[in-house]
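Enquirer: Each residue of the first sequence is one higher than the last, beginning at 67 in the numbering used here. Positions of the beta carbon are idealized from the N, C-alpha and C atoms, including for glycine. Note that the coordinates shown come from a computational prediction; the quantities given were computed from them, not determined experimentally. The structure under discussion is supplied below as structure tokens; questions concerning it will follow.
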Amino acid sequence: MAKDNKKKVEQITDMETDFGQWYTDVCKKAELIDYSSIKGMFIYRPYGYAIWENIQAELDKKFKETGHENVYLPMLIPESLLQKEKDHVEGFAPECAWVTMGGSEELEERCCIRPTSETLFCEHFRAVIQSHRDLPKLYNQWCSVLRWEKTSRPFLRHREFLWQEGHTMHADAEEAREETQRMLNIYADFLENVLAMPVVKGQKTDKEKFNGAEETYTVECMMHDHKALQSGTSHFFGDGFAKAYDITFTGKDNTLHHPFQTSWGMSTRTIGGLIMTHGDNNGLVLPPRIAPIQAMVIPVAMHKEGVLDAAHALLDRLKAAGLRARIDESDQSMGWKAAEYEMKGIPLRVEIGPKDIEKNQCVLVRRDSGEKVFVSLDGIEDTAKEMLDSIHQGLYDRAKRNLEEHIFEAHSLEEAKALQETHGGFIKTMWCGELDCEMKMKEEAGMTSRCMPFAQEHLSDTCPICGRAAKKMIYWGVAY
RNA sequence: CCGGGUGUGGCGAAGCUUGGUAUCGCGCUUGAAUGGGGUUCAAGAGGCCCUGAGUUCGAAUCUCAGCACUCGGACCA
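In structure tokens form, the structure reads like this:
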């Protein structure tokens with residue numbers, strides 16, 4: 067039952083000492099990622115990629131359940147195609163990488179490596195949408211995209227990153243709006259119930275919304291250092307792109323209409339989010355439902371008669387019960403294994419040795435609390451599953467507390483600035499809806515607007531920045 | 001893009017001030033013992049000292065330029 071919070075992994079910098087360094091240490095020491103010879107482009111190591119595969123599997127299942135189909139479109143976008151929607155191209159052009167040569171020949175028209183695929187989807191939608199009977203089109207694409215960022219950090223900002231981008235077309239605006247909400251809810255549900263990351267759902271301001279979108283919705287999470295991470299977005303485009311790309315369909319009324327469009331995405335950045343939400347000074351802490359390995363069986367005193375057999379029997383039982391379990395029968399010491407799997411964030415460590423076998427028991431050690439319990443081998447499958455659920459809940463509760471304890475109310479710009487400097491987190495205020503107040507908050511308090519939460523509260527009648535009539539309650543914060 | 005820091009076997013570092021045979025820890029390989037929180041002993045393998053130019057009889061060390069990584073800022077999922 068010993069609870070042990072001592073730090074055992076000297077290689078990882080304490081998060082209190084240097085959060086940025088802690089984060090980098092975890093990414094490397096947990097063997098999630100490695101640097102490549104190209105700045106901003108990272109190697110996903112098997113353990114890191116396995117997390118992404120699990121994220122993909124969970125999300126893909128939900129997308130299919132809601133009627134979406136996967137497609138794959140080209141990686142290159144001809145410049146002329148990209149340029150048809152003005153706001154969109156202005157937003158993305160500065161960070162595009164261009165292909166200008168094919169073999170030894172210069173291309174007639176240079177091509178952008180997709181920073182996002184709205185334009186390509188539009189070109190395709192134009193070809194396949196003729197009638198209201200062709201709608202809705204509910205497409206999703208798993209791919210990588212490329213944005214030539216100036217600085218990069220593992221998972222949080224890559225020049226090339228993996229994501230899914232959903233693109234849908236609808237006969238009317240209302241249905242498209244519902245789609246953006248439905249997908250935002252899928253993200254929120256996934257973040258909370260699979261990754262144990264509580265979210266704030268809301269709408270982005272015009273300044274922060276996606277280039278070319280009419281409305282952008284977001285799920286915002288709070289990291290352990292009280293900075294915000296936008297963890298999923300969902301955009302309503304109206305018929306703006308449809309007009310720019312000349313997409314029309316014949317309605318039931320036998321006249322031509324422009325369809326209404328949405329797009330929504332979640333990326334490998336989410337992995338960075340879960341590291342910074344749940345990790346501690348011993349390394350990664352993975353939520354059980356996404357962990358590539360949920361339980362690691364460690365035989366103690368392996369050379370002794372019967373230990374390995376008992377450990378394997380235990381492993382087989384856990385696997386048969388549907389757990390992602392593995393065994394480490396290497397000749398590393400007990401202490402090494404304990405530290406290693408803590409660093410890798412494996413939710414449950416299962417130790418079994420001669421003394422346990424005698425007593426028909428094993429030892430379960432939880433990664434989240436370090437708590438050790440001796441449990442009977444009878445019904446071990448259920449015991450382990452219950453403990454994994456309990457770990458999920460524990461992680462969620464802790465993150466939820468971190469979120470709720472770091473939302474502060476401010477009634478002046480000075481107060482907002484002071485609160486951010488002292489506590490970090492989300493500062494909620496009323497807002498007049500004007501860009502100049504948003505700019506002022508950025509310049510004077512160093513915060514951007516995170517979102518206008520759906521759960522609105524009335525804090526006062528006026529905007530604390532300018533004194534004009536307030537329109538919305540808004541959350542401010544420092545974001546990754 | 002701006003500021004700080006760092007580039008030496010796979011990893012982390014010492015050496016650089018005051019130029020002169022390449023050092024330590026971890027890891028790796030082999031063997032043995034150990035095994036309930038990074039265990040121990042023995043024997044090995046492994047290095048264009050980031051790149052280029054310069055000074056010098058001689059450069060990891062001095063000079064200049066460049067590149068990369070990293071932390072922070074500005075900008076973006």
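In or out: residue 542 buried (at least 16 other Cβ within 10 Å) or exposed?
Expert: buried
Enquirer: If you measure between the beta carbons of residue 188 and residue 143, is that distance less than 8 Å?
Expert: no
Enquirer: Tell me whether residue 137 sits in a helix, a strand or coil according to DSSP, three-state version.
Expert: The DSSP-derived three-state label of residue 137 is coil.
Enquirer: List the DSSP bridge partners of residue 206.
Expert: Bridge partners of residue 206: 136 and 232.
Enquirer: Could you name the residues of the same chain whose beta carbon sits closer than 8 Å to that of residue 373, not counting the 5 residues immediately before and after it, in chain order?
Expert: Within the same chain, residue 373 has close Cβ partners 365, 366, 367, 418, 419, 420 and 423.
Enquirer: Residue 257 to residue 265, Cα distance in whole Å?
Expert: 7 Å
Enquirer: Which term fits residue 220, buried or exposed, when burial requires 16 or more other beta carbons within 10 angstroms of its beta carbon?
Expert: buried
Enquirer: Count the C-beta pairs between the segment 187–207 and the segment 113–120 that are closer than 8 Å, then say yes if the count reaches three, no if not.
Expert: Contact between the segment 187–207 and the segment 113–120 is absent, because fewer than three Cβ pairs lie under 8 Å.
Enquirer: Of the choices 535, 531, 519 and 462, whose alpha-carbon is the least far from that of residue 259?
Expert: Closest in alpha carbon position to residue 259, among 535, 531, 519 and 462, is 462.
Enquirer: Quick check for students: name the residue ranges of the beta strand (DSSP E) that lie wholly in the segment 504–529, counting only runs of 3 or more.
Expert: 514–519
Enquirer: Compare the beta carbon distance of residue 115 and residue 209 with 8 Å and say whether it is the shorter of the two.
Expert: no
Enquirer: So, with DSSP's three-state summary, where would you put residue 492?
Expert: strand
Enquirer: From the DSSP secondary-structure annotation, give me the bridge partner or partners of residue 109.
Expert: 100
Enquirer: Can you name the residues that DSSP bridges to residue 91?
Expert: None, per the DSSP bridge assignment.
Enquirer: Nearest to residue 477 by CA position, among 531, 499 and 486, is which residue?
Expert: 531
Enquirer: Straight-line CA distance for residue 469 to residue 291?
Expert: 11 Å
Enquirer: Alpha carbon to alpha carbon, how far is residue 537 from residue 510?
Expert: 22 Å
Enquirer: Which residue's Cα is closest to the Cα of residue 330: 297, 488, 223 and 434?
Expert: 297
Enquirer: Which word fits residue 112, buried or exposed, when buried means at least 16 other C-beta atoms lie within 10 angstroms of its C-beta?
Expert: exposed
Enquirer: If I measure Cβ to Cβ from residue 205 and keep anything under 8 Å in the same chain, skipping five residues before and after, which residues do I get?
Expert: 134, 135, 136, 137, 187, 232, 233 and 234
Enquirer: At 4 residues or longer, and completely inside the segment 449–498: list those alpha helix (DSSP H) runs for me, N to C.
Expert: 479–489
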